[in-house]
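Each residue of the sequence shown is one higher than the last, beginning at 1 in UniProt numbering. C-beta atoms are modelled at their ideal positions from N, C-alpha and C, and glycine is treated no differently. The model shown is predicted, which means the values in this text are computed figures rather than measured ones.
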Amino acid sequence: MSAPDPLAPFPGDAGPVLALDIGGTKLAAAVITPDGAASGLVTAPTPHTGDWRAATGRLFALGREALRRAAPELAGEAGEGWAVREPGGRKTAGDPGGSASWAVREPGGRKTAGDPGVGAGWVVREPDPGVGAGRAVRGAGLGGIRAVGLACGGPLDAASGTVMSPPHLPGWTRVPIGPLAAEAFGVPFALENDATAAAVAEYRFGAGRGTGTMLYLTVSTGIGGGAIVGGRLHRGAAGNGGEFGHIIVRRGGRLCACGRRGCVEAYASGSAIAQRAAEACGRAMTAADVTAAVAAGDPAAAAVWAETADLLGAAVADLVNVFEPDLVVLGGGVTRCGDMLLGPVREVVAREAMPPAARAARVEPAALGDRVGVIGAGVVALALPLEDSPATGTTGSERAMAHWMESHLDEHVAVASALGALTAEIRAAGELVCRRLAGGGTVYTLGNGGSAADAQHLTGELVGHFKRHRRPLPAVTLSADPSVLTCVANDYAYADVFARQIEALARPQDVVVAFTTSGRSPNVTSALAAGRARGALTLLFAGGDGGPATVHADRVLLVPSKSSQRIQEMHTLMLHMISEMVDAWAAGEEPAP
Ligand SMILES: [Zn+2]
């Protein structure tokens with residue numbers, strides 16, 4: 001009858017994982033071994049400063065603390081070797097700056113980490129980037145984990161590791177917690193809805209062992225759920241299935257946090273119990289206060305409790321009818337009162353569920369207690385495939401890579417959209433360039449590094465052409481003559497390399513076009529000052545606030561971004577627009593503006 005899967009096998013030698021449980025009130029971290037044991041468990045209140053970076057920083061610090069505490073228990077798996085930096089070596093946590101690639105050689109010289117799919121869990125200690133070598137350890141301190149598992153309330157996108165905007169974590173909007181954790185700990189990640197992860201943990205290591213269809217309800221601040229049906233975790237079409245808290249038990253009833261009315265969460269969650277009891281008893285109470293008052297014989301509290309258990313029982317009876325499970329597991333803080341809740345729920349199920357289903361289903365408390373959340377986070381990480389699998393293409397490192405690329409594309413698109421506010425200025429700059437060229441002027445372009453390439457790019461479009469056939473136009477790039485650059489830099493100063501050329505060449509009818517991301521390079525600022533002193537038109541392509549270079553620029557095209565990459569990408573876009581305007585004018589189709 002039983003069909004154990006969730007979530008597929010993990011061999012005993014797979015190595016432990018780090019588990020991070022992100023709750024609305026509490027963060028928890030522990031190291032979880034393949035037998036489901038939690039080591040080094042640490043918890044802390046969830047910071048609610050509105051800044052998710054502060055909360056994730058606290059979470060990762062907690063993770064490191066759990067690794068440190070768990071180290072003695074995991075010492076049996078410790079190993080030691082030498083780390084060498086080499087091309088193609090696997091990036092590991094503990095790497096200074098996080099950029100170099102390291103490979104690990106054990107004392108016998110056998111290479112481990114750095115081979116694809118081998119050697120996970122090694123960490124470089126005491127690295128010396130200058131020498132490119134350091135000590136490598138496994139199974140102690142930061143080492144020894146092969147993945148990091150995260151459990152968090154939904155909605156979330158498990159595949160990309162993104163927490164969307166869960167109601168219990170205000171300010172967490174589209175937080176890439178999975179890739180961030182993968183980067184922080186140097187291992188692949190797995191992210192799962194917290195109630196789903198808890199369901200998997202109970203199924204695998206708790207009350208659900210030996211069952212095939214098991215439902216889990218967590219009754220705490222809210223009510224969440226997870227379902228294992230016929231040995232398969234049920235995720236649903238959009239990945240957020242199992243929202244048992246929003247089964248409607250009273251049409252048009254109390255307002256739920258989800259915005260609808262009459263959900264079981266609006267009656268039986270810890271916060272709903274507290275609120276209803278406060279209304280009935282006329283004083284502020286927690287859910288634990290309510291159970292104490294019921295035990296003490298308070299009739300108002302008893303009435304609230306009876307309704308709570310009855311409505312939770314009704315929801316469970318519906319679930320039993322729908323799934324016909326072997327077992328319904330109730331976990332979460334509210335279930336700590338034990339039979340006071342489970343007794344009435346069992347009675348409602350026995351009385352109201354369809355008889356065959358009611359007979360088949362047991363209703364039991366969670367066996368893993370308060371550790372169910374963090375063990376659940378660990379189980380989803382333990383269930384990750386041991387080696388990167390090109391067939392599935394969904395390993396943590398690949399998802400981190402995909403997310404990193406998407407974030408670049410998103411930012412590029414956002415900055416390009418913001419450029420819409422600059423169209424009038426781009427057009428005005430293009431018209432001025434056309435007018436100067438029509439009056440016999442020359443365009444002098446300049447910049448440092450990537451901006452030097454942009455300067456040459458514009459010159460190429462002018463001397464050659466952009467898209468249309470037309471006469472060549474005079475343009476010179478001042479950063480493209482190595483002899484002049486090295487002479488001036490060597491004999492005078494690097495700050496003079498462009499200004500001296502401007503003084504030698506520029507006339508009042510000319511244009512000086514400077515490309516810079518920050519506007520803070522002294523040689524760019526001095527070039528614009530020299531151009532203006534010669535009476536030339538000065539045009540500045542920059543970003544951010546434009547820096548001191550803006551002081552000497554007649555026209556400024558400022559990309560609204562602080563990222564050098566995005567600024568340079570937009571510079572290319574803008575120089576193409578201006579090139580097209582010049583093309584149109586020079587091809588004779590439009591009079592000089
Ligand atoms: Zn609801």
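For ligand 1, any of its heavy atoms closer than 7 angstroms to the Cβ of His246?
-> Within the cutoff, so yes.
With a threshold of 16 other CB atoms inside 10 Å of the CB of Val488, please say whether the residue is buried or exposed.
-> In summary, Val488 is buried, with 16 or more beta-carbon neighbours lying within 10 Å of its beta-carbon over all protein chains present.
Enumerated in chain order, which unbroken segments of the alpha helix (DSSP H) with a length of 4 residues or greater are wholly contained in the UniProt domain "SIS" (433–592)?
-> If one requires a minimum length of 4 residues, the alpha helix (DSSP H) runs lying completely within the UniProt domain "SIS" (433–592) are 450–463, 482–491, 499–505, 522–533, 564–586, in chain order.
Which value, in whole angstroms, describes the spacing of the CA atoms of Val443 and Val512?
-> Approximately 6 angstroms, taken between the alpha carbons.
Pick from Ala527, Gly24, Leu409, Thr423: whose alpha carbon is nearest that of residue 595?
-> Nothing in the structure corresponds to residue 595, since the chain is present only between 1 and 593.
Would you say the region 370–384 touches the region 147–162, given that touching needs at least three Cβ pairs under 8 angstroms?
-> Short answer: they touch.
Pairwise C-alpha distance: Ala288 and Trp305 | Each residue's Cα considered, the two are about 11 angstroms apart.
Should Arg68 be counted as a contact of ligand 1 given a C-beta to heavy atom distance under 7 angstroms?
-> Short note on Arg68: C-beta not closer than 7 angstroms to any heavy atom of ligand 1.
DSSP three-state assignment for Glu86, whether helix, strand or coil = With a pLDDT of 48 at Glu86, under the threshold of 50, the predicted position of this residue should be treated as unreliable, and no value is reported.
Who are the Cβ neighbours of Gly460 in its own chain at under 7 angstroms, not counting the five residues just before and after it?
-> For Gly460, where only same-chain residues beyond five positions count, there are no Cβ hits under 7 angstroms.
Of the residues Thr516, Gly531, Ala514, the one placed nearest Arg507, counting alpha carbons only = Nearest option by C-alpha distance: Gly531.
Using only alpha-carbon positions, find the residue among Ser518, Ala315, Cys256 that is nearest to Thr550.
-> Residue Ser518 is the option with its Cα nearest to Thr550.
Distance, Cα to Cα, Val42 vs Met214?
-> In this model, Val42 and Met214 are separated by some 29 angstroms (Cα to Cα).
Taking all protein chains shown into account, do 16 or more other C-beta atoms lie within 10 angstroms of the C-beta of Thr25, making it buried, or fewer, making it exposed?
-> By the Cβ-count criterion, Thr25 is exposed, with fewer than 16 other Cβ atoms from all chains shown falling within 10 Å of its own Cβ.
For Pro107, the three-state DSSP class (helix, strand or coil) = Unreliable placement is indicated for Pro107, whose pLDDT of 47 sits below 50; no coordinate value is reported for it.
What are the boundary residues of the beta strand (DSSP E) that Thr218 is part of?
-> First-last of the beta strand (DSSP E) with Thr218: 214–219.
Arg351 versus Ala453, Val320, Ser479, residue with shortest Cα-Cα distance | Selection Ala453, Val320, Ser479 evaluated against Arg351 yields Val320 as nearest (Cα-Cα).
beta-carbon Arg250 near ligand 1 non-hydrogen atom, thresh 7 angstroms = Proximity of the beta carbon of Arg250 to ligand 1 is not indicated: no heavy atom of the ligand is located closer than 7 angstroms.
Any idea if Val322 is buried or exposed, counting beta-carbon neighbours within 10 angstroms, 16 or more meaning buried?
-> Around the beta-carbon of Val322, fewer than 16 other beta-carbon atoms lie within 10 Å, marking it exposed.
Out of Arg500, His246, Gly270, state which residue places its alpha-carbon closest to the alpha-carbon of Arg261.
-> Taking each of Arg500, His246, Gly270 in turn and checking the Cα distance to Arg261, the smallest one comes out for His246.
Three-way DSSP call (helix, strand, coil) for Ala29 in this model = Ala29: strand per DSSP, three-state reduction.
Starting from the C-beta of Ala266, find all residues in its chain whose C-beta is less than 6 angstroms away, skip the five residues before and the five after it, and write them out in chain order.
-> Counting only residues of its own chain and dropping the five nearest sequence neighbours on each side, Ala266 has a CB closer than 6 angstroms to the CB of Arg254, Cys256, Ala272.
Rounded straight-line distance, which links the Cα of Ser483 to that of Pro522 = Near 20 angstroms, if we compare the C-alpha coordinates of Ser483 and Pro522.
Any heavy atom of ligand 1 closer than 7 angstroms to the Cβ of Ala272?
-> No, the beta carbon of Ala272 sits no closer than 7 angstroms to any heavy atom of ligand 1.
Could you give the C-beta distance for Thr173 and Ser165, rounded to a whole number, given that I count them as a contact under 8 angstroms?
-> The beta carbons of Thr173 and Ser165 sit about 5 angstroms from each other, so the pair counts as a contact at 8 angstroms.
Proximity test, Arg254 beta-carbon vs ligand 1 heavy atom, cut-off 7 angstroms = No, the beta carbon of Arg254 sits no closer than 7 angstroms to any heavy atom of ligand 1.
Hey, which unbroken runs of the alpha helix (DSSP H) at 4 residues or more fall wholly within the region 177–202?
-> Those alpha helix (DSSP H) runs which fall completely within the region 177–202 and span 4+ residues are 177–185.
Near Phe541, which residues of its chain fall below 6 angstroms by C-beta distance, leaving aside the five closest residues on each side in sequence?
-> Counting only Cβ-Cβ distances below 6 angstroms, and skipping sequence neighbours, we find Phe515, Leu557, His571.
Mind checking whether Leu18 and Leu67 have CB atoms under 8 angstroms apart?
-> Yes, the Cβ-Cβ distance between Leu18 and Leu67 is below 8 angstroms.
Is it true that the CB of Gly430 sits closer than 8 angstroms to the CB of Gln568?
-> It is not a contact, given that the beta carbons lie outside the stated cut-off.
C-alpha distance - Glu243 paired with Gly212, whole-angstrom precision = Between Glu243 and Gly212, the C-alpha separation is close to 20 angstroms.
Under the rule that 16 or more other beta-carbon atoms within 10 Å means buried, what is Met354, buried or exposed?
-> So Met354 ends up on the exposed side.
Contact between the region 268–282 and the region 296–315 (3+ Cβ pairs under 8 angstroms) = When C-beta atoms of the region 268–282 are compared with those of the region 296–315, three or more pairs fall below 8 angstroms, so the two segments count as touching.
Residue 653 CB to nearest heavy atom of ligand 1 below 7 angstroms = Outside the displayed span of the chain (1 to 593) sits residue 653, for which this structure offers no information.
Integer-rounded CB distance, given that Asp194 should sit under 8 angstroms from Gly224 | About 6 angstroms; that satisfies the 8 angstroms criterion.
Return yes when at least one heavy atom of ligand 1 lies under 7 angstroms from the C-beta of Ala266, else no.
-> Remark: the shortest separation between the CB of Ala266 and any heavy atom of ligand 1 falls under 7 angstroms.
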